[in-house]
Amino acid sequence: MKGDYIKINRSLLEWGWYKDKNTSRLFIHMLLKANWKDGFFLGIEIKRGSFVSSLAKLSEETNLSVREIRTAIKHLESTGEVTSKKYNKFSVFTVNNYCSYQSSDTQSDKQPTSNRQAKIVTITYVYDGCYKVVEDDYAWTDEMLEGLAEDELTAEEAIILRGEMCEGRSCSRCKLSAYNNGTGITCNELAVKHPERYIEVLKQYKKDHEKKEIEVVKKTCCLVIDEKRTVVHEEEIDNHDSCEEVLKRYCEEHDGKFFAICESRYAVKE
Numbered sequence: 209m210k211g212d213y214i215k216i217n218r219s220l221l222e223w224g225w226y227k228d229k230n231t232s233r234l235f236i237h238m239l240l241k242a243n244w245k246d247g248f249f250l251g252i253e254i255k256r257g258s259f260v261s262s263l264a265k266l267s268e269e270t271n272l273s274v275r276e277i278r279t280a281i282k283h284l285e286s287t288g289e290v291t292s293k294k295y296n297k298f299s300v301f302t303v304n305n306y307c308s309y310q311s312s313d314t315q316s317d318k319q320p321t322s323n324r325q326a327k328i329v330t331i332t333y334v335y336d337g338c339y340k341v342v343e344d345d346y347a348w349t350d351e352m353l354e355g356l357a358e359d360e361l362t363a364e365e366a367i368i369l370r371g372e373m374c375e376g377r378s379c380s381r382c383k384l385s386a387y388n389n390g391t392g393i394t395c396n397e398l399a400v401k402h403p404e405r406y407i408e409v410l411k412q413y414k415k416d417h418e419k420k421e422i423e424v425v426k427k428t429c430c431l432v433i434d435e436k437r438t439v440v441h442e443e444e445i446d447n448h449d450s451c452e453e454v455l456k457r458y459c460e461e462h463d464g465k466f467f468a469i470c471e472s473r474y475a476v477k478e
């Protein structure tokens, strides 16, 4: 039955975090927890490859401490295996490229070609949302096949970006280093053995450091205040009416006199 098992490729043995027992353990656990099909949780769409959890829940399920879970997630996010989005009472974790990890073994008779990074690639397998190509060990998605030629870096840009990444920064903080590139090899080895991965890291650095338009988001917060006018509890809420429920819940759990105010806040979107 679908969803009863997961696939793990032997290439995991070459993964940079494989020997980090906490990080590799959490990643495999996330593969097991991830939804095999789209669903909903409290009105929020949870896509295939994502799942709802929390640091405390992951700690309980893996027998790792919350601190170890937090560190492992930072490792996985730093190399792009996992992303997460926080909500009021839970988080949604997403295993990036879940489709390529759990793709079917159906072979396609067609072998279309497409241009990416100024070269031709040959597709040998068509999976559920991604493709196996002759020229790369990794599965490709539609986004990787379309429109990336115009994003090419010139040799001059690549040299400048490499210099910016190295200048005044220790190797442990550099995305090209063995600590963070996901392969466990040095940046110079990465450039020789996996040039496409090397260029992708440079492109991502360029994208992350380009000047972006500032976006502002509005948040509604309920502040519970005691008799001394000290804020004793703060909680983000969906609307002003929810502030009453927050105050009631707090008063049920604490002795004393309290009142609540609702305020709107504007913050720069990260």
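In my numbering, the protein residues as written are 209 to 478. Every residue, glycine too, gets a C-beta built ideally from N, C-alpha and C. All of these numbers come straight from a predicted model, not from anything done at the bench.
First and last residue of the beta strand (DSSP E) that includes residue i?
{"i": "Arg473", "result": "466-476"}
{"i": "Leu398", "result": "Run containing Leu398: none in the beta strand (DSSP E); it sits in the alpha helix (DSSP H), 395-401."}
{"i": "His441", "result": "439-445"}
{"i": "Leu431", "result": "424-434"}
Could you check whether residue j and residue i sit closer than 9 Å to each other, using their CB atoms as the reference points?
{"i": "Gln310", "j": "Lys215", "result": "yes"}
{"i": "Ser286", "j": "Ile277", "result": "no"}
{"i": "Val424", "j": "Ala475", "result": "yes"}
{"i": "Leu398", "j": "Cys430", "result": "no"}
{"i": "Ser262", "j": "Phe235", "result": "no"}
{"i": "Glu289", "j": "Trp244", "result": "no"}
{"i": "Lys427", "j": "Glu365", "result": "no"}
{"i": "Phe249", "j": "Val300", "result": "yes"}
{"i": "Lys477", "j": "Ile422", "result": "yes"}
{"i": "Val440", "j": "His462", "result": "yes"}
{"i": "Thr270", "j": "Arg233", "result": "yes"}
Secondary structure at residue i, three-state DSSP: helix, strand or coil?
{"i": "Gly247", "result": "strand"}
{"i": "Lys415", "result": "helix"}
{"i": "Phe293", "result": "What sits at residue 293 in the sequence shown is Lys, not Phe. Looking at Lys293 - three-state DSSP - the assignment turns out to be strand."}
{"i": "Phe298", "result": "coil"}
{"i": "Lys227", "result": "coil"}
{"i": "Ser261", "result": "strand"}
{"i": "Glu253", "result": "strand"}
{"i": "Leu410", "result": "helix"}
If you count every other CB in all the chains shown that lies within 10 Å of the CB of residue i, and 16 or more means buried, which is it?
{"i": "Gly376", "result": "exposed"}
{"i": "Tyr406", "result": "buried"}
{"i": "His402", "result": "buried"}
{"i": "Ser472", "result": "exposed"}
{"i": "Thr231", "result": "buried"}
{"i": "Thr451", "result": "The question names Thr, but residue 451 in the sequence shown is Cys. Label assigned to Cys451: buried."}
{"i": "Glu418", "result": "exposed"}
{"i": "Glu222", "result": "exposed"}
{"i": "Tyr306", "result": "buried"}
{"i": "Val303", "result": "buried"}
{"i": "Ser380", "result": "exposed"}
{"i": "Lys282", "result": "exposed"}
{"i": "Glu485", "result": "Residue 485 is absent from the structure shown; the chain starts at 209 and stops at 478."}
{"i": "Ile469", "result": "exposed"}
{"i": "Ser308", "result": "buried"}
Could you give the residue range of the alpha helix (DSSP H) that holds residue i?
{"i": "Tyr387", "result": "Run containing Tyr387: none; DSSP gives neither H nor E here."}
{"i": "Thr362", "result": "Neither: Thr362 is in no alpha helix (DSSP H) and is coded neither H nor E."}
{"i": "His283", "result": "274-286"}
{"i": "Cys451", "result": "450-461"}
{"i": "Ser308", "result": "306-309"}
Please decide whether residue i counts as near chain D, where near means a Cβ-Cβ distance under 9 Å.
{"i": "Ala475", "result": "The chain labelled as chain D is not found in the depicted structure, where only one protein chain is given."}
Contact the region 251-265 vs the region 293-302: 3+ CB pairs below 8 Å: Counting Cβ pairs under 8 Å, three or more are found: they touch.
Could you tell me whether the region 384-404 touches the region 426-445, using the rule of 3 or more Cβ pairs below 8 Å? no
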